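Sequential numbering from 135 applies to the sequence shown in my numbering.
C-beta atoms are modelled at their ideal positions from N, C-alpha and C, and glycine is treated no differently.
Everything numeric in this text was worked out from a predicted model, so none of it was measured.
Have a look at the structure below before the remarks.
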Amino acid sequence: MKTVAELLRVKPSRVVSVRPEQTVLEAIKVLAQENIGAAIVMNGERIAGILSERDYTRKIVLKGRASDTTKVEEIMTPNVIVVSPRTKTRECMQLMTEKNIRHLPVVEEGRCIGMVSIRDIVSDIIADQDFTIEQLEHYISGQ
């Protein structure tokens, strides 16, 4: 089972972020351009929140608000659950399941260094299980 640091090594290391004072429309354009489902909301070097497609659909679309006049800080999720590079993928899966979230910013020494998604975690767990199955098949067949 891998650590978050190992997952980040195979992903683009750039942290995609938006600012609290940006409009939601500007932020959604960033998500679309980067082909991602969430961005970290940064206030300088500090994580202020996270903005996801879920925030957009539930707090803008369903409430009839205007994305070109609403600020990110008005709809972002302010209480962000983070993990460290040493966190194991299975721990991430457990956190995501318990908290009903899909993205975890990775923080090291107070600095955001990346983000992992449920897709990253599931892919790693499947690869780990495939490896285990392969090893067991070799053991059983005597190879």
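Does DSSP put Ser201 in a helix, a strand or coil?
It is coil, neither helix nor strand.
Compare the C-alpha of Leu185 against each of Ile209, Gln263, Glu168 and name the closest.
That would be Ile209, whose Cα lies nearest to the Cα of Leu185.
Work out the CA separation of Ala173 and Cys246 for me, nearest whole Å.
Spanning the alpha carbons of Cys246 and Ala173 requires a straight line of approximately 12 Å.
Taking only runs that begin and end inside the stretch 165-210, name each unbroken alpha helix (DSSP H) of 4 or more residues, in chain order.
Entirely contained in the stretch 165-210, the alpha helix (DSSP H) runs reaching 4 residues are, in chain order, 187-190, 206-209.
For the candidate residues Gly183, Ser201, Ala182, whose alpha-carbon lies nearest to that of Thr298?
As shown, the chain starts at 135 and ends at 277. That puts residue 298 outside it, with no answer to give.
Assigned exposure category for Ser151 - 16 Cβ within 10 Å defines buried:
With 16 or more Cβ atoms within 10 Å of its Cβ, Ser151 is classed as buried.
Which two residues bound the contiguous alpha helix (DSSP H) that contains Val149?
For Val149, no alpha helix (DSSP H) segment is defined, and its DSSP state is neither H nor E.
Start-end ranges of the beta strand (DSSP E) lying completely within the stretch 230-256, minimum 3 residues
Entirely contained in the stretch 230-256, the beta strand (DSSP E) runs reaching 3 residues are, in chain order, 237-242, 245-251.
Bounding residues of the alpha helix (DSSP H) (the contiguous stretch that carries Arg220)
Premise fails: Arg220 is in no alpha helix (DSSP H) and is neither H nor E.
Quick one: using the 10 Å Cβ neighbour count with 16 as the cut-off for buried, is Thr223 buried or exposed?
It counts as buried.
So if DSSP puts Thr137 in a beta bridge, which residue, or which two residues, is it bridged to?
Partner(s): Lys222.
Alpha carbons only, please: which of Gln263, Ala182, Gly276, Arg188 is nearest the one belonging to Lys136?
Answer by Cα proximity: Gln263.
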